[in-house]
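**Student:**
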Ligand SMILES: [Zn+2]
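Numbering (the numbering used here), first residue to last: 3 to 259.
#1: Taking 8 Å as the line, does the beta carbon of residue 74 fall inside it for any heavy atom of ligand 1?
#2: Whose C-beta lies closer than 8 Å to the C-beta of residue 8 among residues of the same chain, with five residues either side of it excluded?
#3: Could you pull out every unbroken alpha helix (DSSP H) segment of at least 4 residues lying fully inside the segment 84-124, listed in chain order?
#4: Just how far apart, CA to CA, sit residue 91 and residue 110?
#5: Is it right to say residue 132 is buried, meaning 16 or more other beta carbons lie within 10 angstroms of its own, or is it exposed?
#6: Give me, in chain order, the residues of the same chain whose beta-carbon lies closer than 8 Å to that of residue 212; leave out the 5 immediate sequence neighbours on both sides.
#7: Looking at the secondary structure, which residues open and close the beta strand (DSSP E) in which residue 130 lies?
#8: Identify the residues that DSSP records as bridge partners of residue 31: which are they?
#9: Nearer than 8 Å: is that true of the beta carbon of residue 136 relative to any heavy atom of ligand 1?
#10: Less than 9 Å between the beta carbons of residue 2 and residue 123, yes or no?
#11: Contact between the segment 183-190 and the segment 229-244: three or more CB pairs below 8 Å?
#12: Compare the C-beta of residue 109 with all C-beta atoms of chain B and state if any pair is closer than 9 Å.
#13: Is residue 29 closer than 9 Å to residue 194 when the C-beta atoms are compared?
#14: Just jot down, in chain order, the residues whose CB lies closer than 5 Å to any heavy atom of ligand 1.
#15: Counting only runs of 4+ residues fully inside the segment 199-248, write out the alpha helix (DSSP H) ranges in chain order.
#16: May I have the straight-line CA-CA distance separating residue 60 from residue 35, to the nearest angstrom?
#17: May I ask which residues mark the beginning and end of the alpha helix (DSSP H) holding residue 1?
#18: What are the start and end residues of the beta strand (DSSP E) that includes residue 8?
Written as structure tokens, this is what we have:
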């Protein structure tokens with residue numbers, strides 16, 4: 003496993019974690035204001051992510067988790083907790099965060115809520131609740147520059163809505179429409195949690211594709227073949243749909259209501 007740090011936008015660094023085979027696996031983002039920095043997600047395996055962040059900035063720091071899955075809230079979190087750095091996450095994902103193997107040291111999180119604002123100095127991030135892939139998924143919106151840091155809440159070109167913790171599609175659709183209204187004021191740049199899955203840069207058009215494909219499924223206009231996958235010892239049933247930049251929308255047909 004290896005970490006690569008690359009610019010994602012002005013004052014936003016993408017921290018890419020590769021797996022042992024050298025394949026890009028997940029992204030965290032370091033957002034640097036004038037008076038404060040935030041780390042959005044913490045990758046999966048890298049225990050040294052605290053040192054990596056501290057080699058880049060000595061600003062006061064907070065961690066914002068988009069959701070509780072292990073590839074976003076991984077082993078590196080305990081070093082932040084050990085240094086007294088606040089770790090924020092929607093309490094609705096506590097069960098997801100703690101559904102781990104014995105090697106995970108649980109961290110205490112502060113309850114992140116819809117509408118909370120993080121003023122970094124010259125850059126303000128607003129937390130927007132977007133229950134979807136997990137019930138407590140949260141995205142972060144920088145209004146001035148129209149940047150949305152989205153974790154897995156609207157996917158990254160591919161989208162997993164087939165998990166036991168994923169919400170019914172109609173609930174996700176309502177949340178996605180609210181997000182679209184909230185972010186409608188300009189050309190949106192979406193920085194997702196698995197950027198390598200996207201075939202091009204994600205913008206407003208992608209959010210529209212996500213909404214359209216969800217409507218298609220709910221209206222019976224897209225209905226793929228029923229398949230199964232093995233995940234964490236569970237057999238999950240799923241179907242797939244696609245539209246535009248959303249090339250693989252994986253969902254549980256029992257939650258297609
Ligand atoms: Zn996830």
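Just so it is clear, CB atoms sit at the ideal spot from N, CA and C, and this is done for glycine as well. Treat the numbers as computed from the prediction; the structure is a model and nothing was measured.
**Tutor:** This is what the structure holds:
#1: Residue 74 sits at position 72 when you count from the first residue of the chain shown. Because some heavy atom of ligand 1 lies under 8 Å away, the Cβ of residue 74 counts as near it: yes.
#2: The residue given as residue 8 occupies position 6 in the chain shown. Excluding residues within five positions, the ones whose Cβ falls inside 8 Å are 15, 16, 18.
#3: You should have 96-99.
#4: Taking the first residue of the chain shown as 1, we reach residue 91 at position 89. Taking the first residue of the chain shown as 1, we reach residue 110 at position 108. Near 10 Å, if we compare the C-alpha coordinates of residue 110 and residue 91.
#5: Residue numbering aside, residue 132 sits at position 130 when the chain shown is read from its first letter. Looking at its Cβ environment, which holds 16 or more other Cβ atoms inside 10 Å, residue 132 is buried.
#6: Translated into the one-based positions of the chain shown, residue 212 becomes position 210. Result list for residue 212: 156, 157, 161, 178, 248, 251, in chain order.
#7: For the purposes of this step, residue 130 is taken as residue 128 along the chain shown, with counting starting at 1. Judged by DSSP secondary structure, residue 130 falls within the beta strand (DSSP E) whose first and last residues are 126-131.
#8: Position 29 of the chain shown, counting from 1, holds the residue named residue 31. Secondary-structure assignment with DSSP links residue 31 through a beta bridge to 16, 42.
#9: The residue you call residue 136 lines up with position 134 of the chain shown. Checking every heavy atom of ligand 1 against the Cβ of residue 136, one is found closer than 8 Å.
#10: Coverage of the chain is limited to positions 3 through 259, which leaves residue 2 absent and any answer about it impossible.
#11: Fewer than three beta-carbon pairs drawn from the segment 183-190 and the segment 229-244 are found closer than 8 Å, and the two stretches are therefore not classed as touching.
#12: Of the protein chains in the structure, only one exists, and it is not chain B.
#13: Here residue 194 refers to the residue found at position 192 when the chain shown is read from its first residue. Here residue 29 refers to the residue found at position 27 when the chain shown is read from its first residue. Residue 29 sits close to residue 194, with the two beta carbons spaced by under 9 Å.
#14: Result: 71, 154.
#15: Positions of the alpha helix (DSSP H) runs, each at least 4 residues long and wholly inside the segment 199-248, are given as 206-220 in order along the chain.
#16: If you number the chain shown from 1, residue 60 lands on position 58. If you number the chain shown from 1, residue 35 lands on position 33. One C-alpha to the other measures close to 12 Å.
#17: Residue 1 is absent from the model: the chain starts at 3 and stops at 259.
#18: Here residue 8 refers to the residue found at position 6 when the chain shown is read from its first residue. Taken as a continuous stretch (DSSP letters only), the beta strand (DSSP E) holding residue 8 covers 4-11.
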